[in-house]
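Number of protein chains: 2
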Amino acid sequence: MTASNAYGQLEDRFRRLSAVQGALAVLHWDSAAMMPPGGAETRGEQIAALSVIAHELITAADIGDLLAAAETVDLDPWQAANLAEMRRLWRHATAVPPALVEALARQSHDTELTWRSARAANDFKSLAPRLQSLLDLVREAAVAKAEAFGLSLYDALLDEYEPGGRSARIDALFTELEAFLPELRARVIDTQAALPPALPQDGPFAIEAQRALADKILDVLQFDRAHGRLDVSHHPFTGGVPDDVRITTRYATSDFTRSLMGVIHETGHAQYERGLPLRWRGQPVGQARGMTMHESQSLLFEMQACRTPEFIDFLAPLVRETFGREGEAYSAANLRRIYHRVAPGLIRVDADEVCYPSHVILRYRLERAMIDGALKVADLPAAWNQGMQELLGITPPDDADGCMQDIHWPGGSFGYFPTYTMGALAAAQLFQAAVAADSGILPGIAQGDFRPLLAWLRPHVHEMGSSLTTDEILTRATGVPLGTAAFKAHLEARYLRG
Amino acid sequence: MTASNAYGQLEDRFRRLSAVQGALAVLHWDSAAMMPPGGAETRGEQIAALSVIAHELITAADIGDLLAAAETVDLDPWQAANLAEMRRLWRHATAVPPALVEALARQSHDTELTWRSARAANDFKSLAPRLQSLLDLVREAAVAKAEAFGLSLYDALLDEYEPGGRSARIDALFTELEAFLPELRARVIDTQAALPPALPQDGPFAIEAQRALADKILDVLQFDRAHGRLDVSHHPFTGGVPDDVRITTRYATSDFTRSLMGVIHETGHAQYERGLPLRWRGQPVGQARGMTMHESQSLLFEMQACRTPEFIDFLAPLVRETFGREGEAYSAANLRRIYHRVAPGLIRVDADEVCYPSHVILRYRLERAMIDGALKVADLPAAWNQGMQELLGITPPDDADGCMQDIHWPGGSFGYFPTYTMGALAAAQLFQAAVAADSGILPGIAQGDFRPLLAWLRPHVHEMGSSLTTDEILTRATGVPLGTAAFKAHLEARYLRG
Chain A
0 MTASNAYGQL
10 EDRFRRLSAV
20 QGALAVLHWD
30 SAAMMPPGGA
40 ETRGEQIAAL
50 SVIAHELITA
60 ADIGDLLAAA
70 ETVDLDPWQA
80 ANLAEMRRLW
90 RHATAVPPAL
100 VEALARQSHD
110 TELTWRSARA
120 ANDFKSLAPR
130 LQSLLDLVRE
140 AAVAKAEAFG
150 LSLYDALLDE
160 YEPGGRSARI
170 DALFTELEAF
180 LPELRARVID
190 TQAALPPALP
200 QDGPFAIEAQ
210 RALADKILDV
220 LQFDRAHGRL
230 DVSHHPFTGG
240 VPDDVRITTR
250 YATSDFTRSL
260 MGVIHETGHA
270 QYERGLPLRW
280 RGQPVGQARG
290 MTMHESQSLL
300 FEMQACRTPE
310 FIDFLAPLVR
320 ETFGREGEAY
330 SAANLRRIYH
340 RVAPGLIRVD
350 ADEVCYPSHV
360 ILRYRLERAM
370 IDGALKVADL
380 PAAWNQGMQE
390 LLGITPPDDA
400 DGCMQDIHWP
410 GGSFGYFPTY
420 TMGALAAAQL
430 FQAAVAADSG
440 ILPGIAQGDF
450 RPLLAWLRPH
460 VHEMGSSLTT
470 DEILTRATGV
480 PLGTAAFKAH
490 LEARYLRG
Chain B
0 MTASNAYGQL
10 EDRFRRLSAV
20 QGALAVLHWD
30 SAAMMPPGGA
40 ETRGEQIAAL
50 SVIAHELITA
60 ADIGDLLAAA
70 ETVDLDPWQA
80 ANLAEMRRLW
90 RHATAVPPAL
100 VEALARQSHD
110 TELTWRSARA
120 ANDFKSLAPR
130 LQSLLDLVRE
140 AAVAKAEAFG
150 LSLYDALLDE
160 YEPGGRSARI
170 DALFTELEAF
180 LPELRARVID
190 TQAALPPALP
200 QDGPFAIEAQ
210 RALADKILDV
220 LQFDRAHGRL
230 DVSHHPFTGG
240 VPDDVRITTR
250 YATSDFTRSL
260 MGVIHETGHA
270 QYERGLPLRW
280 RGQPVGQARG
290 MTMHESQSLL
300 FEMQACRTPE
310 FIDFLAPLVR
320 ETFGREGEAY
330 SAANLRRIYH
340 RVAPGLIRVD
350 ADEVCYPSHV
360 ILRYRLERAM
370 IDGALKVADL
380 PAAWNQGMQE
390 LLGITPPDDA
400 DGCMQDIHWP
410 GGSFGYFPTY
420 TMGALAAAQL
430 FQAAVAADSG
440 ILPGIAQGDF
450 RPLLAWLRPH
460 VHEMGSSLTT
470 DEILTRATGV
480 PLGTAAFKAH
490 LEARYLRG
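Here it is, written out as structure tokens:
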């Protein structure tokens, strides 16, 4: 090995790693969207085997030497950023022993499957022992990473989803939110109480028609069907790889509005993946920057662009046409009332953007307590219900719509939740900057033309890949690092002066 | 390492290999049934990476020593058979250098994708250079294996699909077939010419209705939806793993009979996979014996059981009900005329069982010539058309329905085709034995009850896995090794005395 070809060798290694991770992404998508239940056990073995193999690829004995050698040679800025990402991934991977990686993959697969039936049966007791076992393994990994990185247990986990993310920063942002959100929420609720309520839209809305509407909206949002699919899964998500993005939704015949906005949300994720730098496919620097930036793109589509009056005016006639409905309940004004309605509710994924941060703050507190060892899984339902009462003033009637509503913990993801709200802040900041930079974006959205918006997002966000930090991308694109100002201004404009 | 735990270590290694191969099976299924076209390039990289990894697992430096050590200890008969299969797979894998394995995976993926568009455009010239490159790589692998095993080039390839299969044996069987098939075919055609022709069934037959009929038939055939799916792909196949079997079909609104029998065919494959010994999941001895035995199970369902008058009488009312049709064209008698019609045609997968062996004999001759170097890809269309004329008396009007009709060669499979006809022989032999052993099988089929047939197939074929050779399984189940007698008797009974 010479120093000059060390970097090239690393690119080869990480290209292979990316192929294995891409295969894993297909297996995960298939598990959620296609797999018959009897395939679960074998699938668990496949996922565990590929996870171990991926871990072996990145922790191979010579990677450390290759990294050190490559760091002594001159590289262009993207190569240097790629090398820095390689080292970051290598540090994460080498911090955790292979047996623990395999155990985590297996246990999270099993726990996720148990969660599906336990949630359906509202049976927390059947989930609790597996979730506790999974939490024990996650904590073991957190301890190992915390030691290696000199971070707290929670920050060591957070860093995987949000590179460079620290709880001190989150605490500061969340404290700012907690300072204005309760009063703002109360004012919005008062304001909306004085207005006529949203008229109910009577179902059933045939699933075939909802699918047809989703297809139309995918076209409007420039979703490229040559490089992606929309399917159905229990828990909507975006999976696959940048050139083959798999998004999912779920349909309920009683209501089309949730699934539709869900599809728009996932399309925001999909567009980020599609727009990642083509030159860097299969390399760490070519990947999405982190979950904050990923969520900023889904929320920019869902909460910013597609809840504007401009888009809702465009959407309403499509809704009437698709479902063959008429009348005031299907007017743009009523659709806006539905999509702008603010009210505390039980379910995070159905929450309005004013209440959403409270759902995240609850989960952030609880998962920090679980990771720090201060909260046992058995005590989670009581802690959850108490937190819901404190933060949103409501108490869940059961665990299915309480602490069992999310896939994240049963799937082994601790340290992920705060990125939803950091993403919401980033989305507000980016949309504000985009609209200010190009006066054609909002008129485009009004006509169902998202090309101007995408033309701004591509160079400012998507094509940056992981070449810069989240704050660097935001500072270049919006002039300031991540903050709460644009989000606060957005909420006030939409809900108090809308 | 001690000799006593060498065998256990090998089981661990092959379990992991099986998980990687299972992942590959899902990726292949997805490529054919789900993947958008723009995902092809990345998918090719994923498949190539996992193929290399699988190859590395089986060729790891210590496997040879582990095999030698395990062969010195006492094992039970299934363990011993498992160990023998491990050595067989190891010999195949170590014979080919890793770079060639990767090149083959890549080139066959690319060639298969090119074939899809080339066939649609009837453009052999666009396929030829890639297919020749692929053939060159296949021949390189054949040379390596032939040297390692002391076999001819063709037999070295054949052995992968049909363990222990040799072209001398195929030549003998095919010579027997060629001795009686042309005259039998002529007599059947004369016999059928004297009978009233099949009445046409006028389409369109809605795809949704065809799908509903397929679903009913899957239930009749005891296809377990908790462990499998039916989807659509360009070229129907059975994929996935034993506990998650993925079968595919294609629908044409002009005709439901082909897709329906296609589904039955794939269900025969699926039932074999499902019935493989549960105790040996993930181990070589737990896999299907080879492609002859696999095809025997699909043809036992398609050609033997489901073309009996008993089954067609059961099927006819389901057809009338599903499509809302009445009259003589939808009678059991007419459906039998359709399903028993013998006429030389262009397309192998649509061929009747009297003509089918001629399609296989043609491909067997041509692929032997290609592997031996006597036939270049550029000369394939002419050789194909000449062979079709000699064997079936017809000349294809174009290459799309000529030498480009099959996925096998573009997919890199040379040495596979003869197993179709060996499977047809085995199917006749096994069905004859099953019906003789259990007088409840045919009355069961007449009522749409396939449990008696499956109850015979499970212990006699499926649950044997790879613990015995093809001939040993057949001899135990039917009293004699693979031969042409039962097939000949079957054709004469059905088509000359039917």
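Protein chains in written order, with numbering that gives the first Met the number 0: chain A, 0 to 497; chain B, 0 to 497.
Heads up, the beta-carbon is just placed ideally off N, CA and C, and yes, glycines get one too.
Predicted model only: the values in this text are computed from it and were never measured.
Does DSSP put residue i in a helix, a strand or coil?
{"i": "G267 of chain A", "result": "helix"}
{"i": "V51 of chain A", "result": "helix"}
{"i": "R475 of chain B", "result": "helix"}
{"i": "D243 of chain A", "result": "strand"}
{"i": "A197 of chain B", "result": "coil"}
{"i": "A328 of chain B", "result": "helix"}
{"i": "T483 of chain A", "result": "coil"}
{"i": "T248 of chain A", "result": "strand"}
{"i": "D64 of chain A", "result": "helix"}
{"i": "D214 of chain A", "result": "helix"}
{"i": "G261 of chain A", "result": "helix"}
{"i": "T256 of chain A", "result": "helix"}
{"i": "G238 of chain B", "result": "strand"}
{"i": "V359 of chain B", "result": "helix"}
{"i": "C305 of chain B", "result": "helix"}
Span of the beta strand (DSSP E) holding residue i?
{"i": "L229 of chain A", "result": "G227 to V231"}
{"i": "V284 of chain A", "result": "First-last for V284 of chain A: undefined, no H or E at that position."}
So which residues of chain A does residue i contact, with C-beta pairs closer than 7 Å?
{"i": "A225 of chain B", "result": "P35, P36 and G37"}
{"i": "D218 of chain B", "result": "Result: empty, since nearest Cβ-Cβ is about 14 Å, beyond 7 Å."}
{"i": "Q45 of chain B", "result": "A18, G21 and A22"}
With a threshold of 7 Å (Cβ to nearest heavy atom), would residue i be considered close to the ligand ZN?
{"i": "H234 of chain A", "result": "By its list of ligands, the structure shown contains no ligand whatsoever, and the ligand ZN lies outside what it can speak to."}
Which residue comes first and which comes last in the alpha helix (DSSP H) that contains residue i?
{"i": "H108 of chain B", "result": "P97 to A119"}
{"i": "W455 of chain A", "result": "R450 to H459"}
{"i": "S132 of chain A", "result": "F123 to F148"}
{"i": "F179 of chain A", "result": "S166 to A192"}
{"i": "F498 of chain A", "result": "Within the shown structure, residues of chain A are numbered from 0 to 497, placing residue 498 of chain A beyond reach of any answer."}
{"i": "W77 of chain A", "result": "P76 to T93"}
{"i": "L299 of chain A", "result": "It is not in any alpha helix (DSSP H) - L299 of chain A carries neither H nor E in the DSSP assignment."}
{"i": "A445 of chain B", "result": "I440 to A445"}
{"i": "F430 of chain A", "result": "P417 to A436"}
{"i": "A381 of chain B", "result": "L379 to L391"}
{"i": "L152 of chain A", "result": "L152 to Y160"}
Give the residues of chain B in contact with residue i, contact being defined as C-beta atoms less than 7 Å apart.
{"i": "D29 of chain A", "result": "V25 and D29"}
{"i": "T41 of chain A", "result": "G21, V240, D242 and D243"}
{"i": "R115 of chain A", "result": "Neighbours of R115 of chain A on chain B: none; closest Cβ ~14 Å, over 7 Å."}
Identify the contact partners of residue i in chain B, using a Cβ-Cβ distance below 9 Å as the criterion.
{"i": "L49 of chain A", "result": "A18, V19, A22, L49 and I52"}
Strictly below 9 Å CB to CB, what residues from chain A border residue i?
{"i": "E325 of chain B", "result": "The premise fails here: E325 of chain B is roughly 29 Å from chain A at the closest Cβ pair, so nothing lies under 9 Å."}
(Q) With three or more beta-carbon pairs closer than 8 Å as the criterion, would you say the region 121 to 129 of chain A touches the region 52 to 61 of chain A? (A) Short answer: they don't touch.
Q: Compile a chain-ordered list of the residues in the region 453 to 465 of chain B whose CB is closer than 8 Å to at least one CB of chain A.
A: Residues: none.
Q. Given 8 Å as the limit, is there contact between the region 328 to 344 of chain B and the region 368 to 385 of chain B, that is, 3 or more CB pairs closer than that?
A. In this structure the region 328 to 344 of chain B does not touch the region 368 to 385 of chain B; the number of beta carbon pairs closer than 8 Å is below three.
Q: Count the C-beta pairs between the region 161 to 179 of chain A and the region 381 to 389 of chain A that are closer than 8 Å, then say yes if the count reaches three, no if not.
A: Touching, no.
Q: Below 7 Å between beta carbons is the criterion; list the residues of the region 5 to 25 of chain A that meet it against any residue of chain B, in chain order.
A: The residues in question are R15, A18, V19, G21, A22 and V25.
Q) Pairing CB atoms from the region 289 to 307 of chain A with CB atoms from the region 84 to 98 of chain A, are three or more of them under 8 Å? A) No, they do not touch.
Q: Identify each residue in the region 240 to 271 of chain B for which the Cβ-Cβ distance to at least one residue of chain A is less than 7 Å, and report them in chain order.
A: The residues in question are V240, D242 and D243.
Q. How about the region 152 to 163 of chain B and the region 363 to 373 of chain B: do they share at least three Cβ pairs that are nearer than 8 Å?
A. Contact between the region 152 to 163 of chain B and the region 363 to 373 of chain B is present, with at least three C-beta pairs closer than 8 Å.
Q. Are there three or more Cβ pairs, one per stretch, closer than 8 Å when the region 31 to 42 of chain B is compared with the region 67 to 87 of chain B?
A. By the Cβ rule, the region 31 to 42 of chain B does not count as touching the region 67 to 87 of chain B, because fewer than three pairs are nearer than 8 Å.
Q) Which residues, in chain order, does the region 370 to 395 of chain B contribute to contact with chain A at a C-beta distance below 9 Å? A) Under the 9 Å Cβ criterion, the region 370 to 395 of chain B contributes no residue.
(Q) If contact is defined by three or more beta carbon pairs under 8 Å, each pair taking one atom from either stretch, is the region 259 to 278 of chain B in contact with the region 450 to 464 of chain B? (A) With contact defined as three or more Cβ pairs closer than 8 Å, the region 450 to 464 of chain B and the region 259 to 278 of chain B are in contact.
Q) Looking at C-beta atoms only, is the number of pairs between the region 220 to 229 of chain A and the region 239 to 255 of chain A that lie closer than 8 Å three or more? A) Touching, yes.
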